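The structure under discussion appears below in the form of structure tokens.
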Amino acid sequence: MLKGATELRSSFIVSVDMQGIVKRFGPVIANDHVNFQVYAGEIHALLGENGAGKSTTMSMLSGVYRADAGDISIDGKRVRIHSPKDAMALGVGMVFQNFRLVQSLTAAENVVLGEKSSFWRGARWMKEKQREIEAISERFGLAFPVDRPIWQLSVGEQQRVEIVKTLYRGARIIILDEPTSVLTPGEAEQLFQTLERMKREGKSVIITTHKLKEVMATSDRISVMRKGKMITTINKSETNERELARLMVGREIVLTKQQKRPIPGKLLLNVQQLDVEADHGRKALSALQLRVHEGEIVGVAGVAGNGQKELAEVLTGLRAWKGGSIHFNGKEIKTASVRSAIEAGISHIPENRMKSGLAGSLGIVDNLLFKSYRTEDHSRLGFLRASKNRMWSQELVEQFDVKTPDLETPVQQLSGGNQQKLLFAREITRKPRLMVAVHPTQGLDIGATEGVHRLLNELRNSGSGVLLISEDLDEVLQLSDRVLVIYNGQIIGEISAEHADRERIGMLMAGLSTAGEAAV
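full-length UniProt numbering numbers the first residue of the sequence shown as 1 and each following residue consecutively.
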């Protein structure tokens, strides 16, 4: 634990020193004379809302972008970083949130990929490299099967491959972008232990994240950016979650868990023995059962790839099912139909808002009309009521605080938070009986996340049912009245909000019972 800024400066060596960094994208100033320092042997968290400039800052340090002005020094020497190759030569490696691995190659082959003549030296050379990689993995607590192809590894194991790849190439400064977003609590704890080992060896670790609890649990110092400027750098011991949230958004943020919960109403959704196939033919859901009542939020916790995507698609009419039954509002749903789901009152916040939720090249009005253009309020005799629809759209933009230059702006030009607000505006204005929300705050900053959580609570309080599918366990625990754990296409645990235990849920997410045995 840090003892204070004065002692820190006297006993720590500066490994990264960015001074007066400026980066422009056309008229937009992404970095406005940013100063940022990282010491050797520390874990440094970089916080900020979407668009605050933190990713741009790290992209310049890792060689993805070039600074328009300012100086970067590594280990006391001024450097010029023009590419990721330059950054790696200086000992800077970055692990991106979306892994950059070749699925058909083995873990070891991915680590050495790009090394000169790496695949021309035969099996003996590869065996030597595997032993070298295993030694690095063991040293930092990052074990994974080096001879298995990437597609056979879990998400957590794939992340370990990415980290070992940077260490194998000599990185002394490691940048991790949202490193726990795809991990179970147990895997996240293992990652934190790895970061501590790196720190003890004198490496600099920089984490960009939205999870304030993790920042307070792992970091030594914390830097906060807002609107392209560096607001402050502070020792962890001198701050708390509430203060960090205020620094990030410039106002007070409500982070407390809702205590008073309404009593659920009648059974709204009843899924029994559901069998569903994934795109490639394997079974995605097997004899799955779940219930959602009016006036409750049911959270589904699980690691990516355990059937959550297919479950959401079945319930919203996007995918057919092979067996089992679905009853909604007292009636059995017999075939998959998006239009029938819409007419029944099922709304959907998809996992990928720009792929499945919004048309990026179209403007605000068109995107808001997607599910209601057939109604008399919005069309007459087959023709859209243009003037009325514009007025209606403007009211929704103002009601949901969507920041946009005008109603004609293509939605792909809006920030992620404003895209999500627009999506919620369209889905909520239909007054749904059931909201299926998949990773509703993924990639959003704390301010936008607060707004999304408020909207979901308002839906529940108005009597609608909400099925919240999220890999963020903190989000599931904060919002849910009941928590279901999905693993390998089945619900293997159900826990009420009052008795939700983080450790138990985490073990179930990993496919283990509380006794450490396989749960399925």
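For glycine and all other residues, C-beta sits at the position ideal for the given N, C-alpha and C. Predicted, not measured: the structure shown is a model, and the values here were computed from it.
First and last residue of the uninterrupted alpha helix (DSSP H) at residue i
i: Gly186; result: 185 to 200
i: His439; result: His439 -> no alpha helix (DSSP H), and no H or E assigned at all.
i: Val476; result: 473 to 479
i: Ser361; result: Element bounds for Ser361: n/a, residue is neither H nor E.
i: Thr218; result: 212 to 218
i: Arg100; result: Segment: none, Arg100 is in no alpha helix (DSSP H) and carries neither H nor E.
i: Leu508; result: 502 to 509
i: Ser55; result: 54 to 61
i: Leu247; result: 241 to 249
i: Val452; result: 446 to 461
i: Glu109; result: 107 to 112
Neighbourhood of residue i by C-beta, 7 Å cutoff - its chain only, sequence neighbours within 5 removed
i: Phe12; result: Tyr39, Ala40, Gly41, Glu42
i: Glu517; result: Reliability fails at Glu517, whose pLDDT of 47 lies under 50, so the model's placement of it is uncertain and the value that follows must be treated cautiously. Nothing listed; no residue qualifies.
i: Arg385; result: His378, Ser379
i: Leu285; result: Leu274, Asp275, Val276, Gly307, Glu310, Leu311, Gly489
i: Gln158; result: Phe99, Leu101, Ile150
i: Lys236; result: Leu2, Met216, Ser219, Asp220, Arg221, Ile222
i: Ser55; result: Thr208
i: Leu369; result: His378, Asn389
i: Thr256; result: Note that Thr256 has pLDDT 48, beneath the 50 cutoff, so the model's placement of it is unreliable and the number below is only indicative. Cβ neighbours of Thr256 beyond the five flanking positions: none.
i: Gly463; result: Gly265, Glu294, Gly295
Start and end residues, beta strand (DSSP E) containing residue i
i: Arg78; result: 77 to 79
i: Gly46; result: The sequence shown places Leu at residue 46, rather than the Gly named in the question. Unbroken beta strand (DSSP E) run through Leu46: 43 to 48.
i: Ala69; result: 69 to 74
i: Phe36; result: 28 to 39
i: Asp17; result: 14 to 25
i: Lys229; result: 229 to 235
i: Gln490; result: 490 to 496
i: Gly93; result: 92 to 95
i: Thr208; result: 204 to 208
i: Gly465; result: 465 to 470
i: Arg482; result: 482 to 487
i: Ile222; result: 221 to 226
Option nearest residue i by Cα separation, candidates the options
i: Gly170; options: Ile150, Thr209, Val111, Val292; result: Val111
i: Gly114; options: Pro84, Leu90, Arg131; result: Pro84
i: Val146; options: Gln158, Arg160, Gln130; result: Gln130
i: Lys403; options: Ser393, Glu395, Trp392, Ser415; result: Ser415
i: Gly324; options: Gln442, Pro262, Lys127, Leu290; result: Leu290
i: Ile231; options: Val271, Leu315, Arg246, Ile263; result: Arg246
i: His348; options: Gly51, Leu47, Gly317; result: Gly317
i: Ala135; options: Val164, Gly20, Asp501; result: Val164
i: Val292; options: Ala301, Ala278, Gly265; result: Gly265
i: Lys77; options: Thr56, Ser15, Gly26; result: Ser15
i: Asn418; options: Ser219, Leu396, Lys431, Tyr168; result: Leu396
i: Arg319; options: Glu201, Asn329, Ser340; result: Ser340
i: Leu422; options: Arg433, Ala52, Gly451; result: Gly451
i: Leu512; options: Glu243, Glu376, Ala497, Ile492; result: Ile492
i: Ala143; options: Gly63, Arg160, Ile326, Asp279; result: Arg160
i: Val92; options: Ala108, Leu105, Leu61, Ser104; result: Leu61
i: Gln190; options: Arg148, Ile173, Glu138; result: Glu138
i: Leu459; options: Gly447, Arg433, Glu376, Ile446; result: Arg433
i: Lys167; options: Ile133, Asp177, Leu153; result: Note that residue 167 is Leu in the sequence shown, not Lys. Measuring from the Cα of Leu167, the nearest candidate turns out to be Ile133.
i: Thr335; options: Glu313, Met58, Glu427; result: Glu313
i: Arg426; options: Asp401, Leu288, Thr449; result: Asp401
i: Lys211; options: Leu244, Gly295, Leu407, Phe328; result: Leu244
i: residue 523; options: Tyr373, Glu332, Ala89; result: Not covered by the structure: residue 523. The range shown for the chain is 1 to 520.
Same chain, Cβ closer than 8 Å to residue i, neighbours up to 5 away in sequence not counted
i: Leu456; result: Ile297, Met435, Ala437, Pro440, Val466, Leu468, Leu479
i: Gly506; result: Thr184, Pro185, Gly186, Leu473
i: Arg24; result: Ala30, Asp68
i: Arg502; result: Pro185, Leu473, Leu477
i: Ala497; result: Arg261, Leu477, Ser480, Asp481, Arg482, Val483
i: Asn240; result: Met216
6 Å Cβ shell around residue i - same chain, five flanking residues per side excluded
i: Asp32; result: Gly228, Lys229
i: Asp17; result: Gln37, Ser73
i: Trp125; result: none
i: Glu162; result: Val95, Phe99
i: Gly20; result: His33, Gly70
i: Phe192; result: Thr218
i: Gly299; result: Leu468, Val476, Ser480, Val483
Inter-residue CB distance, residue i and residue j (contact presumed, cutoff 8 Å)
i: Val303; j: Met509; result: 6 Å
i: Ile495; j: Val483; result: 5 Å
i: Ile222; j: Pro179; result: Between Pro179 and Ile222 the Cβ distance is about 16 Å, and since that is not below 8 Å, they are no contact.
i: Leu47; j: Val215; result: 7 Å
i: Thr156; j: Arg197; result: Looking at the sequence provided, one finds Gly at residue 156 rather than Thr. With 8 Å as the limit, Gly156 and Arg197 do not qualify as a contact, their Cβ atoms being about 17 Å apart.
i: Thr409; j: Ile364; result: 7 Å
i: Ala123; j: Arg148; result: That pair is no contact at about 16 Å.
Secondary structure, alpha helix (DSSP H): runs of 4+ residues fully inside the segment 272 to 355: 308 to 315, 338 to 344
Residue ranges of each alpha helix (DSSP H) within the segment 139 to 187, 4 or longer: 155 to 168
Alpha helix (DSSP H) runs contained entirely in the segment 361 to 434, provided each spans 4 or more residues: 364 to 369, 386 to 399, 416 to 428
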